[in-house]
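Chains as they are written, first to last, in my numbering: chain F, 3 to 357; chain S, 3 to 357. Yeah, the Cβ is synthetic: ideal placement off N, Cα and C, and Gly gets one too. Predicted model, so just to flag it, every value in this text is computed and none were measured. Scroll down for the structure; my scribbles are underneath it.
There are 2 protein chains.
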Amino acid sequence: MTDTTAAVDEAPSDRAQLLLRTLIECYVRDGQPVGSRTLSRESGLSLSSATIRNVMADLEEHGFVSSPHTSAGRVPTDKGYRYFVNALLRYQPPGQAEIAELQRHLEQRAGDPRALVTAASQLVSSLTHLAGVVTVPREAHAALSQIEFVGLSGNRVLAILVVNGREVQNRVVQLDRHYPADELRRAAAYLNEQFRGRELADVRASLVAQLQETREQMNRLMVDAITLAQRAFESQPDEQAADMVVAGETNLMGFAELSNVDRLRRLFEAFGEKRDILHLLDQSLHGEGVQIFIGHESGFTILDDCSVVAAPYTQDDRVVGVVGVIGPTRMAYERVIPVVDIAARMLGSALKSRD
Amino acid sequence: MTDTTAAVDEAPSDRAQLLLRTLIECYVRDGQPVGSRTLSRESGLSLSSATIRNVMADLEEHGFVSSPHTSAGRVPTDKGYRYFVNALLRYQPPGQAEIAELQRHLEQRAGDPRALVTAASQLVSSLTHLAGVVTVPREAHAALSQIEFVGLSGNRVLAILVVNGREVQNRVVQLDRHYPADELRRAAAYLNEQFRGRELADVRASLVAQLQETREQMNRLMVDAITLAQRAFESQPDEQAADMVVAGETNLMGFAELSNVDRLRRLFEAFGEKRDILHLLDQSLHGEGVQIFIGHESGFTILDDCSVVAAPYTQDDRVVGVVGVIGPTRMAYERVIPVVDIAARMLGSALKSRD
DNA sequence: CTTGACACTCGCCAATGGCGATTGCTAGTT
DNA sequence: AACTAGCAATCGCCATTGGCGAGTGTCAAG
Chain F
3 MTDTTAAVDE APSDRAQLLL RTLIECYVRD GQPVGSRTLS RESGLSLSSA TIRNVMADLE
63 EHGFVSSPHT SAGRVPTDKG YRYFVNALLR YQPPGQAEIA ELQRHLEQRA GDPRALVTAA
123 SQLVSSLTHL AGVVTVPREA HAALSQIEFV GLSGNRVLAI LVVNGREVQN RVVQLDRHYP
183 ADELRRAAAY LNEQFRGREL ADVRASLVAQ LQETREQMNR LMVDAITLAQ RAFESQPDEQ
243 AADMVVAGET NLMGFAELSN VDRLRRLFEA FGEKRDILHL LDQSLHGEGV QIFIGHESGF
303 TILDDCSVVA APYTQDDRVV GVVGVIGPTR MAYERVIPVV DIAARMLGSA LKSRD
Chain S
3 MTDTTAAVDE APSDRAQLLL RTLIECYVRD GQPVGSRTLS RESGLSLSSA TIRNVMADLE
63 EHGFVSSPHT SAGRVPTDKG YRYFVNALLR YQPPGQAEIA ELQRHLEQRA GDPRALVTAA
123 SQLVSSLTHL AGVVTVPREA HAALSQIEFV GLSGNRVLAI LVVNGREVQN RVVQLDRHYP
183 ADELRRAAAY LNEQFRGREL ADVRASLVAQ LQETREQMNR LMVDAITLAQ RAFESQPDEQ
243 AADMVVAGET NLMGFAELSN VDRLRRLFEA FGEKRDILHL LDQSLHGEGV QIFIGHESGF
303 TILDDCSVVA APYTQDDRVV GVVGVIGPTR MAYERVIPVV DIAARMLGSA LKSRD
């Protein structure tokens, strides 16, 4: 323990760091365990393979690499990747052409959040050759621009909410009596005057309060109008439930480490059920900047050989969702991370409500 | 050629038919080539394996079965399946419980075509353990119940079309001048009075005609109203583009014959691109009842070891879409076909506009 | 027409052994 | 003290081998 090399545990020497980086770069490139000979060739250091073997033994002892079996080079562990990502990574941002393409595709869908999210998912997927995952924006910041009612058959009323000046939401409400057209119009006019520009959640709260208040005054018409509105607001649209858009899942087939059909199946089922993945992405929602879950760090065994790179994106300076990619642990982090980062920023600015 | 058995080419004897049926049933059940011994046990006939071998040789000569290699039983060919489906099939309809479940899930989504289609896709998928595919209904039969306009910011107007008394469509139209609220209201009132109950396509045609007519009278207000309406109708909503909903694709992983990751990948990419599959399903649209494409019959090499079972479904006696499943050629046709048939009927009746 | 018998074919599987890549260790070199 | 060359040992990979079993085609006898 009193070694002159001061192996302070956890902190590899400069040389070991360089070798770890080279090893990971080779392994990500070739997908095969990296031996000491290869490393001595590719590291740039002029060291013999024997020396490198010693270093590798240290790295293995500290848990940064491991050998699948006796006579097969070394492979990075999750801990190795983690150290690499935290300390050794040399980012390699996408070229101008790719950024321009990203920009172009997003710009031309400005105004339609759903289309934007789909495009963002496809774009990060195609730029990284991994699976793209983007959660749909939360409507946390939803200012009511306008509300209208349209009577349907059978005591049903269609409520149309225009939110943030551009997004339209429909909700069909089943009522217990028929509301004639002019009553609907008056109710809408009242609500528009009263609540225009306020947050949806805010509006809902006010409605409850007003209903209480007005009911005591026994003003029948008002009570009905407010009841109607309240019904419209309480029926949370289904799409409101947290959701996400996945793109390019098929990119994940063909990675040797996921070629186990059974594992692949469970992974795809996780994409389909969305629940676990959404839960994971939620964690990035509260963080800042790009976040990375390597292998077991995600906490879901389905993602054991996968990493998730995710970044929150904003709408008008408020975090409303996450854009990310899912791929094998062995991914080109130096290229993936900048792509996700940029995509999240661009999605944010494309979502900005500007009127 | 002057054989006493009168092998009139193409028409196997009764005994051969029975054996072909047994062979296919065994093969579908076990997934392994079926030998003469197994067949003599399972066919019910009291024939020795030697006799059966002779029959199999005939069947092979006529192309109904083939042997993967010398000493491995026989496997049905596409032609064998085709004959089986056309002539030998003993349908095995789903039980009451399953039908009730189907009914229940569809009923409770009545009125929301998109949800119905999704549910139908999931249901056929889970009942057959294959991939479910359902095209979204064409809006061929779309009677206008009501139209309303809501002014948005920046000269944009939201047109709300209520169709078939229950379905709601939104279209945002960008106009070249601002339309005040009362003008929008008057335009809507006019259109409702004029066109309520007519087909959308019909309405569109009338609008063009009227525009011509009215323009000559130089009635500015009318022209603007009709122009507005026309804009609303011409902007075909994107969702109108033929689309489909796939469910349970992951069921296809795990079938030995598709376990080739590369083939699986291309199959999944075909699901994602939708184009080819939609094209195939379109063919069922014009047919009647359940239609079956076995192996190469689909014409798409991606589906070479797959069969597609599809049936058109109607809305108010008009064919508007197709419900189907995609699975390996080796599927339990006797169970799958009735399920698809029933699902298509039920989807049709759940879609019926009833007001 | 059917059947039992027989020779033959061929995939599957497990055992085998050589090859090559890589490692840990040790003794020697700088 | 750090590095290196050399060496024995390990182990996966791969092709070969041979035995086993399932199945086939054929043929003569019933």
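Neighbour-count burial assignment, residue i, 16 or more Cβ in a 10 Å radius
{"i": "S/ASP240", "result": "Its pLDDT being 48, under 50, S/ASP240 is placed unreliably in this model, and the coordinates cannot settle the point."}
{"i": "S/VAL126", "result": "buried"}
{"i": "S/GLU215", "result": "exposed"}
{"i": "F/SER286", "result": "buried"}
{"i": "S/THR72", "result": "exposed"}
{"i": "F/ALA352", "result": "buried"}
{"i": "S/SER261", "result": "exposed"}
{"i": "F/TYR93", "result": "exposed"}
{"i": "F/GLN148", "result": "buried"}
{"i": "F/ASN253", "result": "buried"}
{"i": "F/PRO182", "result": "exposed"}
{"i": "F/ALA161", "result": "buried"}
{"i": "S/GLN242", "result": "Confidence at S/GLN242 is low in this model, with a pLDDT of 48, below 50, so the placement of that residue is unreliable and no value is reported for it."}
{"i": "S/ALA99", "result": "exposed"}
{"i": "F/VAL210", "result": "exposed"}
{"i": "S/ASN166", "result": "buried"}
{"i": "F/VAL10", "result": "Model confidence at F/VAL10 stands at a pLDDT of 41, short of 50, so the residue's coordinates are unreliable and nothing is read from them."}
{"i": "S/SER15", "result": "exposed"}
{"i": "F/PRO78", "result": "buried"}
{"i": "F/LEU349", "result": "buried"}
{"i": "F/PRO70", "result": "exposed"}
{"i": "F/LEU154", "result": "buried"}
According to DSSP, residues forming a beta bridge with residue i
{"i": "S/LEU1", "result": "Absent from the model: residue 1 of chain S. The displayed extent of chain S is 3 to 357, so no value can be given."}
{"i": "S/SER68", "result": "S/VAL77"}
{"i": "F/GLY134", "result": "F/ALA249 and F/VAL327"}
{"i": "F/VAL311", "result": "F/ILE294 and F/VAL327"}
{"i": "F/THR316", "result": "F/VAL321"}
{"i": "F/ASN172", "result": "F/ILE162"}
{"i": "F/VAL36", "result": "F/ARG76"}
{"i": "F/VAL152", "result": "F/LEU160"}
{"i": "S/GLU201", "result": "S/ALA145"}
Nearest candidate by alpha-carbon position, reference residue i, set the options
{"i": "F/LYS276", "options": "F/VAL77, F/VAL136 and F/ARG55", "result": "F/VAL136"}
{"i": "S/GLN317", "options": "S/ARG31, S/GLU185 and S/VAL138", "result": "S/VAL138"}
{"i": "F/ARG116", "options": "F/ILE294, F/ASP245 and F/VAL310", "result": "F/ASP245"}
{"i": "S/VAL342", "options": "S/GLU27, S/VAL311 and S/GLY46", "result": "S/VAL311"}
{"i": "F/SER300", "options": "F/ASN194, F/ILE279, F/HIS288 and F/GLU290", "result": "F/ILE279"}
{"i": "F/PHE86", "options": "F/LEU22, F/ARG168, F/ARG347 and F/SER128", "result": "F/LEU22"}
{"i": "F/ARG106", "options": "F/ILE328, F/GLY75 and F/ALA121", "result": "F/ALA121"}
{"i": "F/PRO314", "options": "F/ALA345, F/CYS308, F/PHE295 and F/VAL263", "result": "F/ALA345"}
{"i": "S/GLU290", "options": "S/ARG39, S/ARG200, S/HIS180 and S/ASP319", "result": "S/ASP319"}
{"i": "S/LEU129", "options": "S/LEU118, S/PRO96 and S/GLY113", "result": "S/PRO96"}
{"i": "F/VAL265", "options": "F/CYS308, F/LEU177 and F/ARG188", "result": "Contrary to the premise, residue 265 of chain F reads as Arg rather than Val in this sequence. Among F/CYS308, F/LEU177 and F/ARG188, the Cα nearest to that of F/ARG265 is on F/CYS308."}
{"i": "F/GLU236", "options": "F/MET224, F/ASP80 and F/VAL175", "result": "F/VAL175"}
{"i": "F/GLU271", "options": "F/ALA18, F/VAL248 and F/HIS64", "result": "F/VAL248"}
{"i": "F/LEU230", "options": "F/LEU349, F/VAL152, F/GLN171 and F/VAL119", "result": "F/VAL152"}
{"i": "F/VAL359", "options": "F/ILE294, F/VAL170, F/ARG337 and F/SER48", "result": "Since the displayed chain F opens at 3 and closes at 357, residue 359 of chain F lies outside it and no answer follows."}
{"i": "S/ARG39", "options": "S/GLU218, S/SER50 and S/GLY113", "result": "S/SER50"}
{"i": "F/GLN232", "options": "F/PHE273, F/PRO70 and F/ALA207", "result": "F/ALA207"}
{"i": "S/GLU185", "options": "S/VAL159, S/PHE302, S/LYS81 and S/LYS354", "result": "S/VAL159"}
{"i": "S/VAL225", "options": "S/GLY65, S/ASN157, S/GLY256 and S/TYR192", "result": "S/TYR192"}
Closer than 9 Å at the beta carbon, the chain S residues around residue i
{"i": "F/GLN196", "result": "Result: empty, since nearest Cβ-Cβ is about 17 Å, beyond 9 Å."}
Amino acids of chain F, ordered along the chain, whose beta-carbon sits closer than 9 Å to that of residue i
{"i": "S/ASN172", "result": "ILE162, VAL170 and ASN172"}
Neighbouring residues, chain F, relative to residue i (Cβ below 8 Å)
{"i": "S/LEU154", "result": "SER147, GLN148, VAL164, GLY167 and ARG168"}
ask   = Which residues, in chain order, does the segment 246-275 of chain F contribute to contact with chain S at a C-beta distance below 7 Å?
value = THR252, MET255, GLY256, SER261, VAL263, LEU266, ARG267, PHE270, GLU271 and GLY274
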